[in-house]
Structure formats: structure tokens, C-alpha cells
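Residue numbers (our numbering): 13 to 78.
Note that beta-carbon positions come from the ideal geometry of N, C-alpha and C, so glycine has one too.
Note that the structure is a prediction, hence the values are computed from the model and not measured.
Below: one structure, written as C-alpha cells.
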């Protein structure tokens, strides 16, 4: 049986549904299972981000008159 309210159809079945797994819990589980690979990728990302920031800072440095 379904009821219609505000154009949205909802089901009123009495069977309990399990919620989908949390993406945060799944990501944490993957971090534990693949620890060294995840840490390596985190290190690469951090090094790339710092390198990017340094390049942008170097390209945008002000030129001082001599």
C-alpha cells in the first residue's frame, strides 16, 4: 500500500530496511586494510600540493626595483 502526499509516493510496508553503509566507515575500513598504499598516496598528494603552492608563490612574487 502506498500513500500519496505532495506528489511524493511513499511505501508503508512493515519490512525493516537496512540503511546503506556509511561512506566514511567504508573509507576508514579501506585505510586500515591498505595502510601503506593509502599513506603513500597521502604523501604524494601532500608533496604535490606543497609543490603547487610554492610554484604559484614563486610565479607571483613581486619584483622589486633595483
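Residue i versus residue j - alpha carbon distance
i          : j          : result
residue 32 : residue 40 : 16 Å
residue 29 : residue 37 : 19 Å
residue 51 : residue 44 : 10 Å
residue 68 : residue 59 : 14 Å
residue 70 : residue 53 : 25 Å
residue 35 : residue 76 : 50 Å
DSSP state of residue i mapped onto helix, strand, coil
i          : result
residue 73 : coil
residue 50 : helix
residue 30 : coil
residue 78 : coil
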